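As C-alpha cells, the structure follows; a few thoughts come after it.
Number of protein chains: 2
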Amino acid sequence: MSDTPTGVVDLLGVLAYAELTAFLRLAEDAASLAPSLTDRAALSDLAAVEHRHFRLLRDRLAEVGVDPEEAMAPFVDALDAWHAQTRPADWLEALVKAYVGTGISMDFYREAARRVDPGTAALVEEALADEGRSEFAVERVRAALKTDPKVSGRLALWARRLVGEALSQAHRVAAVRPALAALLVEAGDGEDLPEIGRMFARLTEAHGKRMAALGLTPGP
Amino acid sequence: MSDTPTGVVDLLGVLAYAELTAFLRLAEDAASLAPSLTDRAALSDLAAVEHRHFRLLRDRLAEVGVDPEEAMAPFVDALDAWHAQTRPADWLEALVKAYVGTGISMDFYREAARRVDPGTAALVEEALADEGRSEFAVERVRAALKTDPKVSGRLALWARRLVGEALSQAHRVAAVRPALAALLVEAGDGEDLPEIGRMFARLTEAHGKRMAALGLTPGP
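Chains as they are written, first to last, in my numbering: chain A, 1 to 220; chain B, 1 to 220.
Spelled out as C-alpha cells, the structure:
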C-alpha cells in the first residue's frame, strides 16, 4: 500500500491517462486527417512526445507503489467522453484541439500541481512541457486562415465547444474525486471563493492568449 | 540533388513509411482493441518504438539531401493496401500481426540491407531492432492459447493471410521500383535463381520459427 496522498495519486493517474489518450488520439488524427505525409509525420512526432510524458507518470506511479492501471481507471470515462464529444472533423479542427483543447486541460493540471509536494510538482511540470505542440498548431492554423479567412468563425465555435466540454468533464471528475478537486480549491468554506475566482481568471486569460495566437479573436 | 544510389533512397523511404504506418496502426490497435489499460499502454510503448525508428530513417534521408516525403511517396499505396487488407478483428489478431506480419516485412528489409553500404546497413539494422515487440506478442498469444486452444486454427489462418498479403505487396513494390528489387535479387540473368531460392528459404525458416514461438504449428 502506498503512503502517497490520494490527491497526488489522483493527479498522477488522471494526467497519465490524459497523456496516454492524447498520444492515441493524436496518432489517430495523424493517420486519418493529415493532408500530407510531412504533416502526418509532424503530428506523429507530437504524439510521441505525449507518449514520453505518459511514461514519466506511469514510472512515477510504479515507483511510489501504485498500480498505474488502478490510478488511471477512475478517469477513463470522463476523458474518453471528452474525446468522443470532441472528435475533429478535419485537419484544422484537429490542430485547434491539439492546441486549445489540450492547452486548457493542461492548465487545469498545472493549477492542481500548485498544491502538491515539490517533487510531484516538478514531474507534472515536465509532463506538461509543450515541446513544439503549440508552435506547430499555431503556424498551420494561421497559414490556413490567411488562405481562407472565412474558416475562422467555424474554428472559433469549435474552440468554444472544446472548452465547454473540458469544463463539463472537469466538473464530473471533481464530483467523484474530492481529493483531486481539493488540489484545485481548498474544500469546505466560503473563504475559497476569491481563490476560485482567481484560478478561473488565470485559465480564461491563458485561453484568450491561445485564441489570439491562432488569430481567432477580433483585433483591437 | 542527392548522390545516394536510388536503391538506397528507396530502401530508406520504404522503411521510413513502413515504420511511420506501423506506429500509427499499432496506436490504433492499442486504442480500439486492447482488453485492459495495461495492455493498451504496453502496445502504445511498442508503437512509440516504431516512431523512434521512423525518426532515424527520416533524419538520415534529410542528411543525405533527400526530401523524406518524396522518398516515402512511392510506397504509400502498397503499404496502405497491406494494412487495409490486414485490419485485425480483435486483440489476438493485432498481436499476431505485430509479430508475424511485421516480422516477415522486416525480414524483407533486412535482406535488402545485405547489399547496401555498411553505414546504411547499420542504420537499417538499428531501425529494425525488435525492442520487446516479439516477446510481448508471444507471451500474450501463448497465454491466450493456453486458456482457449481452439483459437489456434483461426490465428494460423490469419497468419497465412498476413504473409500472403505481404508477398503480394512486395511483388507490387518490386515491379515499380527496380532499384529496390535489385537489392533483393541481382537483376538480369538466370544466375540469380539459386540466390532467390536461398532468400526464400531464409524467409520461410524465420517465419516458421515465429509461428512455432506463438504455438501455432503442430508439434513434432
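Each residue gets a CB set at the ideal place from its N, CA and C atoms; glycine is no exception. Note that the structure is a prediction, hence the values are computed from the model and not measured.
Cβ shell of residue i (< 6 Å), same chain only, five flanking positions each side left out
i, result
"A113(A)", "A121, V124"
"V9(A)", "V66, A71"
"L95(A)", "A137, R140, V141"
"E111(A)", "L184, M199"
"E131(B)", "V49"
Per-residue burial, residue i [other beta carbons within 10 Å of its own, 16 or more giving buried]
i, result
"H171(B)", "exposed"
"E135(A)", "exposed"
"G65(A)", "exposed"
"T21(A)", "buried"
"S44(B)", "buried"
"P88(A)", "buried"
"E63(A)", "exposed"
"R198(A)", "exposed"
"V3(B)", "Checking the sequence shown, residue 3(B) turns out to be Asp, not Val. Per the 10 Å Cβ criterion, exposed."
"E19(A)", "buried"
"E69(A)", "buried"
"G7(B)", "buried"
"A221(A)", "Outside the modelled stretch of chain A, which goes from 1 to 220, sits residue 221(A), for which no answer is possible."
Inter-residue spacing [alpha-carbon to alpha-carbon] between residue i and residue j
i, j, result
"D148(B)", "R40(B)", "22 Å"
"E93(B)", "R154(B)", "9 Å"
"R115(B)", "A174(B)", "16 Å"
"L183(A)", "L12(A)", "12 Å"
"V141(B)", "H207(B)", "16 Å"
"P5(A)", "L180(A)", "10 Å"
"R193(A)", "L33(A)", "The sequence as given places Leu at residue 193(A); Arg does not occur at that position. In a straight line, the C-alpha of L193(A) is about 42 Å away from that of L33(A)."
"E205(A)", "A143(A)", "24 Å"
"V151(A)", "L145(A)", "7 Å"
"D117(A)", "S105(A)", "21 Å"
"L157(A)", "D90(A)", "14 Å"
"E28(B)", "D29(A)", "10 Å"
"P35(B)", "D80(A)", "15 Å"
"P213(B)", "I196(A)", "This sequence places Ala at residue 213(B); Pro is not what is there. Between A213(B) and I196(A), the C-alpha separation is close to 58 Å."
"F200(B)", "V185(B)", "11 Å"
"L216(A)", "D107(A)", "20 Å"
"L167(A)", "A159(A)", "12 Å"
"L203(B)", "L37(B)", "35 Å"
Other residues of its chain near residue i: CB distance less than 8 Å, five sequence neighbours each side excluded
i, result
"T86(B)", "K97, G101, R161, L162, E165"
"V176(B)", "P74"
"V76(B)", "Y17"
"P220(B)", "Any reading at P220(B) is ruled out, since the residue's pLDDT is 41, under 50, leaving its predicted position unreliable."
"H83(B)", "T21, R25"
"R133(A)", "L46, V49, A98, Y99, T102"
Contact set for residue i: own chain, Cβ-Cβ below 7 Å, skip 5 residues either direction
i, result
"A78(B)", "Q169, R172, V173"
"R210(B)", "Y99, V100, G103"
"L15(B)", "L57, Y109, V124, A127"
"F23(A)", "A47, E50, H51, F54"
"A42(A)", "F136"
"R60(A)", "L12, L123"
heavy atom of the ligand FAD below 7 Å from residue i C-beta
i, result
"T21(B)", "With respect to the ligand FAD, the structure offers nothing, as it holds no ligand at all."
Problem - Length at least 4, wholly inside the stretch 108-169 of chain B: the alpha helix (DSSP H) runs in chain order - result: 118-127, 133-147
Exercise for the section: Taking a Cβ distance cut-off of 8 Å, strictly less, list which residues of the stretch 48-74 of chain A are near chain C, in chain order. Expected result: The structure shown contains no chain C; its protein chains are A and B.
Practice task
Within the stretch 55-84 of chain B, note down every full alpha helix (DSSP H) run reaching 4 residues or more, in order along the chain.
Solution key: 68-72
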